[in-house]
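Worksheet: one structure, shown below.
Number of protein chains: 2
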Amino acid sequence: MFETKKFIENALEEIRNTVCGKKVISACSGGVDSTVATFLVHKAVGEKLTAVFIDDGLRREGEPEFVVKTLKNLGIKSKFIDARKGFFAALKGKTDAEEKRKAFREKFYKTLGEVSKELKIEFIVQGTIKADVIETVKGIKSQHNVLEQIGIDSQMYGYKIIEPLKELFKPEVRKVGRELGLPKEISERMPFPGPALSLRVLGEVTPEKVAIVRKATEIVEAETGELKTFQNFAVLHNDKATGIKNGNRVYGNIITVRIVDSEDAVTAKATQVPYQTLMKISERITGEIPSVVRCLYDITDKPPSTIEFE
Amino acid sequence: MFETKKFIENALEEIRNTVCGKKVISACSGGVDSTVATFLVHKAVGEKLTAVFIDDGLRREGEPEFVVKTLKNLGIKSKFIDARKGFFAALKGKTDAEEKRKAFREKFYKTLGEVSKELKIEFIVQGTIKADVIETVKGIKSQHNVLEQIGIDSQMYGYKIIEPLKELFKPEVRKVGRELGLPKEISERMPFPGPALSLRVLGEVTPEKVAIVRKATEIVEAETGELKTFQNFAVLHNDKATGIKNGNRVYGNIITVRIVDSEDAVTAKATQVPYQTLMKISERITGEIPSVVRCLYDITDKPPSTIEFE
Chain H
1 MFETKKFIEN ALEEIRNTVC GKKVISACSG GVDSTVATFL VHKAVGEKLT AVFIDDGLRR
61 EGEPEFVVKT LKNLGIKSKF IDARKGFFAA LKGKTDAEEK RKAFREKFYK TLGEVSKELK
121 IEFIVQGTIK ADVIETVKGI KSQHNVLEQI GIDSQMYGYK IIEPLKELFK PEVRKVGREL
181 GLPKEISERM PFPGPALSLR VLGEVTPEKV AIVRKATEIV EAETGELKTF QNFAVLHNDK
241 ATGIKNGNRV YGNIITVRIV DSEDAVTAKA TQVPYQTLMK ISERITGEIP SVVRCLYDIT
301 DKPPSTIEFE
Chain E
1001 MFETKKFIEN ALEEIRNTVC GKKVISACSG GVDSTVATFL VHKAVGEKLT AVFIDDGLRR
1061 EGEPEFVVKT LKNLGIKSKF IDARKGFFAA LKGKTDAEEK RKAFREKFYK TLGEVSKELK
1121 IEFIVQGTIK ADVIETVKGI KSQHNVLEQI GIDSQMYGYK IIEPLKELFK PEVRKVGREL
1181 GLPKEISERM PFPGPALSLR VLGEVTPEKV AIVRKATEIV EAETGELKTF QNFAVLHNDK
1241 ATGIKNGNRV YGNIITVRIV DSEDAVTAKA TQVPYQTLMK ISERITGEIP SVVRCLYDIT
1301 DKPPSTIEFE
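Sequence order for the protein chains is H and E.
Following the numbering used here, the numbering of the first sequence begins with 1 at its first residue and continues without gaps.
Following the numbering used here, the numbering of the second sequence begins with 1001 at its first residue and continues without gaps.
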């Protein structure tokens, strides 16, 4: 049985002892894990913490504004970094899933390194959780926020990493969030991968392709919000397919809709979404995004597939 | 109102007048259209006709044997041509849908040209139907069996083409088949494209990829045969996705299942197949084909998509 209050008590003390009055930044993407980690450290060290939101150009529609507003409402000092060009440059020409993850990770840590130099800090907080560590160590996929566990010394980037949630699984992270008094829109938030939409554009990642999958994601979220599923999102294929738009043959884009039920992301079931909802999503995506001619629904559990495509 | 008997009467007379006692071959793939056309010409000229089955390596599991047996049972003289190597060579390196269709068409007509020289014939029968002509002329997609309607003279290949069904739509073709006394397994057969599985392997077509989609097709047909839908098949993506097999991360293949209801293939609805059936298909495909980690279901109507992916 996980004792939430006791965990928080211990974590606050440990964080204070580690940080020891120095300045610290927290990489906050707006997801459950990084926001809970940020808020926990804020509780521990208050004004010594600056939350950093890196706009990598790969976030969902409205997400940068949402994160900035959330941090402000929570009384956390924050810094916004527009790194869109740099991330797209780092991803250019990369088509393999692991290569893309590594390019994202490299750019992510370098960007944090620049901020830490600028702000003269020694510590960076990350929302790494147990599942990230397990999956990276087992070679399922290399999570962007797992370094030391696979032998990469974060000091090469110029800072030490604090991971207050690295022993917790997702349901426990949510319990900590609730106990800390985070608003529901954060503590109950759907999981969203660190490398964001870059994993949901198969093949090379470009601003144009991210814009397509961002719009598709918005439609999927709007139409399935009431299903209360574990995750629901859209993926843009690199493959193309024939279709007909305005009576003409076109060779257009394919979007897959992925919706799953899960407890902890370790295993997952493809949700049996009512066809009425699926057809509405298909009609909206092909109707509202000019280049998309085809919509697919993922019917695979994890295993044998993973939740994300990359 | 289509008058089946009258159509057949006229067609038989016209075919006899055209062929005029000479030798003729018919390109029979085993599909409804080409088999009905072949049987019609057989009725008209009997032993003057030789049905030719070209094994292009792109047919479904057991299909070559099925076609040979069917022709034998119908009392039609036939010739089997193993052209697998040549077709794969023609498709090598081609990734664009239209390029692949053109490569298939070229190889198809050249192969027929060789047979026609060998057998010293002047006429080739084809099962072109009205929808093929309309789609090719409108530029929706170039059907492999439409030449003269887009300005290509078949005599460059060394023969003249007879297309007895070119004014009919699919339901009328089936009526003709029934009236001629073809067995139900032919007259009620699901449509299958001329270029066969080459259109159901996105990207470059190789024998290995055709083997994967052939196995997936067999599973889809076995699990959905009772649905009585217009078409049901599998498509192999060129894109790959992450998955987990035997506890290890793999970067594997993606199969899409496509099942539609339609009258005439001009428009179509994605069939709302019960989830129990879809999940069974997904489990079988990912379980029985080692390289496949993910199964998708196409939820798009035609338009805006087409029935086939290419």
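Cβ coordinates follow ideal geometry from the N, Cα and C atoms, glycine included.
Minimum C-alpha distance to residue i - residue among the options
i: H/LYS302; options: H/ASP264, H/TYR275, H/SER291; result: H/ASP264
i: E/ALA1037; options: E/LEU1012, E/ASP1056, E/GLU1061, E/GLY1021; result: E/LEU1012
i: E/GLY1127; options: E/ARG1294, E/VAL1052, E/GLU1118; result: E/VAL1052
i: E/GLU1135; options: E/THR1035, E/GLN1149, E/SER1029, E/PHE1087; result: E/GLN1149
i: E/LYS1110; options: E/SER1154, E/VAL1125, E/LYS1069, E/LYS1077; result: E/SER1154
i: H/PRO164; options: H/MET1, H/GLU14, H/THR4; result: H/GLU14
i: H/ARG189; options: H/LYS175, H/SER198, H/PRO207; result: H/LYS175
i: E/GLY1062; options: E/LYS1077, E/GLY1030, E/PRO1274; result: E/GLY1030
i: H/GLN272; options: H/LYS72, H/TYR251, H/TYR297; result: H/TYR297
i: E/TYR1159; options: E/ARG1101, E/ILE1212, E/GLY1225, E/VAL1125; result: E/VAL1125
i: E/PHE1123; options: E/SER1026, E/PRO1304, E/ARG1249; result: E/SER1026
i: E/PHE1233; options: E/ILE1212, E/MET1156, E/GLU1047; result: E/ILE1212
i: H/ALA44; options: H/VAL24, H/ILE161, H/LYS269; result: H/VAL24
i: H/VAL210; options: H/THR4, H/GLY113, H/GLY57; result: H/GLY57
i: H/LYS245; options: E/ILE1244, E/ARG1249, E/THR1267; result: E/THR1267
i: E/THR1256; options: E/PRO1274, E/LEU1278, E/SER1262, E/LYS1269; result: E/LEU1278
i: E/LEU1197; options: E/LEU1182, E/GLY1181, E/ARG1214, E/GLU1208; result: E/ARG1214
i: E/CYS1028; options: E/VAL1146, E/GLU1099, E/LEU1112; result: E/LEU1112
i: E/LYS1117; options: E/PHE1066, E/TYR1157, E/GLU1172; result: E/TYR1157
i: E/HIS1144; options: E/PHE1230, E/ARG1101, E/GLU1003, E/ASN1073; result: E/ARG1101
i: H/VAL250; options: E/GLY1247, E/LEU1236, E/SER1305, E/ILE1259; result: E/SER1305
i: E/GLN1231; options: E/PHE1087, E/ARG1258, E/THR1070; result: E/ARG1258
i: H/GLU208; options: H/LYS72, H/GLY75, H/LYS85, H/HIS42; result: H/LYS85
i: E/PRO1064; options: E/ASP1055, E/LYS1072, E/LEU1071; result: E/ASP1055
i: E/ILE1076; options: E/THR1050, E/PHE1087, E/ARG1059, E/LEU1091; result: E/THR1050
i: E/THR1070; options: E/PRO1171, E/SER1187, E/GLU1114, E/ALA1131; result: E/SER1187
i: E/PRO1171; options: E/PRO1183, E/ARG1016, E/ALA1089, E/LYS1130; result: E/LYS1130
i: E/GLY1177; options: E/VAL1235, E/ILE1281, E/LEU1074, E/LEU1236; result: E/LEU1074
i: H/GLU226; options: H/PRO274, H/ASN253, H/GLU179; result: H/PRO274
i: H/VAL19; options: H/ILE162, H/ALA90, H/ALA89; result: H/ILE162
Segment limits, beta strand (DSSP E) that includes residue i
i: H/ARG294; result: 292-298
i: H/LYS166; result: It is not in any beta strand (DSSP E) - H/LYS166 carries neither H nor E in the DSSP assignment.
i: E/THR1217; result: Run containing E/THR1217: none in the beta strand (DSSP E); it sits in the alpha helix (DSSP H), 1207-1224.
i: H/ASP82; result: 78-82
i: E/ASP1055; result: 1049-1055
i: E/PHE1123; result: 1123-1125
First through last residue of the alpha helix (DSSP H) which encompasses residue i
i: H/LEU40; result: 32-45
i: E/ALA1097; result: 1097-1118
i: H/VAL19; result: 4-19
i: H/VAL146; result: Neither: H/VAL146 is in no alpha helix (DSSP H) and is coded neither H nor E.
i: H/MET156; result: Counting along the chain, H/MET156 falls outside any alpha helix (DSSP H), and DSSP gives it neither H nor E.
i: H/ILE285; result: 275-288
i: E/ASP1264; result: Run containing E/ASP1264: none; DSSP gives neither H nor E here.
i: H/LYS130; result: 130-137
i: H/PRO191; result: Counting along the chain, H/PRO191 falls outside any alpha helix (DSSP H), and DSSP gives it neither H nor E.
i: E/GLU1063; result: 1063-1073
In DSSP terms, what residue i is bridged to
i: H/VAL235; result: H/THR256
i: H/GLY243; result: H/VAL250, E/SER1305
i: H/ILE25; result: H/THR50, H/ILE124
i: E/ILE1186; result: Bridge partners of E/ILE1186: none, in fact.
i: E/ALA1196; result: Partner(s): none; E/ALA1196 has no beta bridge.
i: E/ALA1270; result: E/VAL1260
i: H/ILE161; result: H/ILE124
i: E/VAL1173; result: E/VAL1173 pairs with nothing; no bridge assigned.
i: E/VAL1201; result: E/LEU1236
Any chance the segment 281-291 of chain H sits against the segment 217-225 of chain H, with 3 or more Cβ pairs inside 8 Å?
Touching, yes, given that three or more Cβ pairs across the two stretches are closer than 8 Å.
Between the segment 1187-1207 of chain E and the segment 1092-1112 of chain E, do three or more beta carbon pairs fall short of 8 Å?
yes
Answer yes if the segment 104-123 of chain H comes into contact with the segment 229-245 of chain H, meaning at least three C-beta pairs across the two stretches below 8 Å, and no otherwise.
no
May I ask you to verify whether the segment 1060-1080 of chain E touches the segment 293-302 of chain H, counting CB pairs closer than 8 Å and requiring at least 3?
The answer is no - the segment 293-302 of chain H does not touch the segment 1060-1080 of chain E, with fewer than three Cβ pairs under 8 Å.
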